[in-house]
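J.:
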Amino acid sequence: MTTAAVSQGWIMLLLGGWHGLNPAMGWLFAVALGLQANRRSDLWRALPPLAVGHAAAVVAAIALAGAAGSLLSARALGWFVGAALVAFGIYRLVRPRHPRFGGMRLGPAGLAAWSALVSSTHGAGLMVVPFLLPGLPNAVHGDAAHTLHVAATIPPPEPFVLAATAAHTLGYLLVTTASAVLVYEKLGLRLLGRAWFNLDLLWGAALVLTGVGTALF
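Reading the sequence shown from the start, the letters are residues 89 to 305 in the working numbering.
1) When the Cα atoms are used, what is the spatial distance from residue 242 to residue 274?
2) Just the Cα atoms here: how many angstroms apart are residue 272 and residue 126?
3) Express the C-alpha separation of residue 171 and residue 177 in angstroms, rounding to a whole number.
4) Count the other CB atoms within 10 Å of the CB of residue 236; is the residue buried (16 or more) or exposed (fewer)?
5) Quick one: what does DSSP say residue 292 is sitting in, helix, strand or coil?
6) Verify whether the separation of the beta carbon atoms of residue 113 and residue 206 is less than 8 Å.
7) Following the continuous alpha helix (DSSP H) through residue 215, name the residue where it begins and the one where it ends.
8) Run through DSSP, which three-state label would residue 128 get?
9) As a quick exercise: from 94, 136, 121, 119, pick the residue whose alpha carbon is nearest that of residue 262.
10) From what residue to what residue does the alpha helix (DSSP H) around residue 112 run?
11) Using only the alpha-carbon positions, how far apart do residue 110 and residue 161 sit?
12) Given that a residue counts as buried once 16 or more other Cβ atoms are within 10 Å of its Cβ, and exposed if not, what is residue 96?
13) From the DSSP output, in three-state form, read off residue 250 for me.
14) Touching or not, the segment 202-220 and the segment 137-147, by the rule of three or more beta carbon pairs under 8 Å?
15) From residue 181 to residue 169, what does the alpha carbon distance come to, in whole angstroms?
16) Beta-carbon within less than 6 Å of residue 108's beta-carbon, same chain only, minus the 5 sequence neighbours each way: which residues are those?
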């Protein structure tokens, strides 16, 4: 394993931890499920589906970027991803609303779908893409036949994409679990409400800054 691959793995792990820290990404939902049923086991059961849904959103964003990259040069793809991130960030700053469906009565499949939807609408998957751009195909390096093929279909995830997603999901799951357990066991939602600060502003700003950095560099 190369030094670059190890560094990329750590970046994905830390980025997953940043996503897991955001209550909108799932741990607050897990805590609410546990408190509603007054069972710690409900909290623990919610965590794996939340991680699966988050991973699905990441893979989908990378696959779409790979399909776009087969038609664009590396520079054009950077501008495209950067513009999308800035647009997502501005949207999150202007309309910090979260998707709702199914209430609190969601099974594992519903929780995974909710997590994928929330992660996608918050631009979480898209935020990962800039860090993987060097490994994505683009029109400059691919031949015409390959470009036409990828333009027609979204390619399956490559090994490096799966490895990066695994590292990212591990970071997400570790921080989500730690946050959910800490709030459920020690803090409680009432204390959390008194110490709350709005992460939507920080999240939107992070998306915009990542987008600007992607487009410029």
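Backbone N, C-alpha and C fix where the C-beta goes; we use that ideal spot for every residue, glycine too. Everything numeric in this text was worked out from a predicted model, so none of it was measured.
T.: Inspection of the coordinates gives the following:
1) Locating residue 242 in the sequence shown gives position 154, counting from the first residue. Locating residue 274 in the sequence shown gives position 186, counting from the first residue. Residue placement at residue 242 is poorly supported in this model, since its pLDDT is 44, which falls under 50; the coordinates are not used for a value here.
2) The residue you call residue 272 lines up with position 184 of the sequence shown. The residue you call residue 126 lines up with position 38 of the sequence shown. CA-CA distance, residue 272 to residue 126, rounds to 10 Å.
3) In the sequence shown, counting from the first residue as 1, residue 177 sits at position 89. In the sequence shown, counting from the first residue as 1, residue 171 sits at position 83. Across the structure, residue 177 and residue 171 are spaced so that their CA atoms are roughly 10 Å apart.
4) By 1-based counting over the sequence shown, the position of residue 236 is 148. Caution is warranted here: a pLDDT of 41 is assigned to residue 236, below 50, making its placement in the model unreliable, and the coordinate value is therefore given only provisionally. The C-beta of residue 236 has fewer than 16 other C-beta atoms within 10 Å across all chains shown, which makes the residue exposed.
5) Working through the sequence shown from its first residue, we reach residue 292 at position 204. In the three-state reduction of the DSSP assignment, residue 292 falls in the helix class.
6) If you number the sequence shown from 1, residue 113 lands on position 25. If you number the sequence shown from 1, residue 206 lands on position 118. Cβ atoms of residue 113 and residue 206: closer than 8 Å.
7) Reading the sequence shown from its first residue, position 127 is the one you call residue 215. First-last of the alpha helix (DSSP H) with residue 215: 212-216.
8) By one-based count along the sequence shown, residue 128 stands at place 40. Looking at residue 128 - three-state DSSP - the assignment turns out to be helix.
9) The sequence position of residue 262 within the sequence shown is 174, counting from 1. Ranking 94, 136, 121, 119 by CA distance to the CA of residue 262 puts 136 first.
10) For the purposes of this step, residue 112 is taken as the residue at position 24 of the sequence shown. Looking at the DSSP string, residue 112 is not in any alpha helix (DSSP H), and its letter there is neither H nor E.
11) Start at 1 with the first residue of the sequence shown, and residue 110 comes out as number 22. Start at 1 with the first residue of the sequence shown, and residue 161 comes out as number 73. Cα to Cα, residue 110 sits roughly 33 Å from residue 161.
12) On the sequence shown, position 8 is the one that residue 96 refers to. Classification of residue 96: buried, given that the 10 Å Cβ count is 16 or more.
13) In the sequence shown, residue 250 corresponds to position 162, counting from 1. For residue 250, the three-state secondary structure derived from DSSP is helix.
14) Touching, per the Cβ criterion.
15) Position 93 of the sequence shown holds residue 181. Position 81 of the sequence shown holds residue 169. Straight through space, the alpha carbons of residue 169 and residue 181 are spaced by roughly 18 Å.
16) Here residue 108 refers to the residue found at position 20 of the sequence shown. Contacts found: 260, 263, 264.
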